[in-house]
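See below for the structure under consideration.
Residue numbers (this note's numbering), protein chains in the order written: chain H, 1 to 113; chain C, 1001 to 1115.
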């Protein structure tokens, strides 16, 4: 049973560029959430997707956008990258509508230079 | 706005010691609380999930308790081992529950178990 997978593992981008990160949820899960974790901090909620719609959003600018596909996989897009966007980006999956725990992927390390 | 605090920020213990990690949250209207482990540069591994109606959960050498009214949770690790060395994070899910998946995390406790 495959857990949550994310790609790529590491990424280096230049300020002003755009980036796309990918996530495949754990088998049987239909809800995907994205988190940003800066060094030495706890993860911060970016947004959550269910049924291909953004259902909730944290305190992140519109430069952060996402998408969920019919197979429940998801993408996180960040435009006009800033140095402060350098972080570990984590994807979490769960079943919608219950008290289910969330499972996290290994993350994508994004470095903006 | 929910805030989660974890004390201590770092802890170093000799192998075999029992230890307690603390987590407090400001809004007691939570749906559940989850404890995670994070190895350096890696993702999060779920350790225990406690529903708001529960008082504790156990898994092997780990025991987590929840006192929702006082806004506190503890993670007890028995007979610690060097392999337990990692950062431990707690996270709460809002009381609006069902469709609200936003977890609010503490900054974590960095645990080092010395052989």
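A virtual CB, placed ideally from N, CA and C, is assigned to each residue, including glycine.
Item, Value
"Start-end ranges of the alpha helix (DSSP H) lying completely within the stretch 48-77 of chain H, minimum 4 residues", "none"
"Length of the line joining the Cα atoms of residue 1070 of chain C and residue 1028 of chain C", "7 Å"
"Cut-off 7 Å between Cβ atoms - residues of its own chain near residue 87 of chain H, not counting five sequence neighbours on either side", "36, 37, 38, 110"
"Per-residue burial, residue 1055 of chain C [other beta carbons within 10 Å of its own, 16 or more giving buried]", "exposed"
"Beta-carbon contacts of residue 1020 of chain C that lie in its chain and below 6 Å, excluding the five residues immediately before and after", "1074, 1076"
"Option nearest residue 1086 of chain C by Cα separation, candidates C:1068, C:1049, C:1115, C:1042", "C:1042"
"Sequence-distant residues of the same chain with beta carbon closer than 8 Å to residue 2 of chain H, five excluded per side", "24, 26, 27"
"Cα-Cα separation between residue 1013 of chain C and residue 1047 of chain C, rounded to whole angstroms", "20 Å"
"Sheet register partners of residue 1077 of chain C (DSSP bridge)", "C:1019, C:1062"
"Terminal residues of the beta strand (DSSP E) in which residue 1157 of chain C lies", "Because chain C spans 1001 through 1115 in this model, residue 1157 of chain C falls outside it and cannot be assessed."
"Residues bridged to residue 1067 of chain C [DSSP beta-bridge criterion]", "C:1072"
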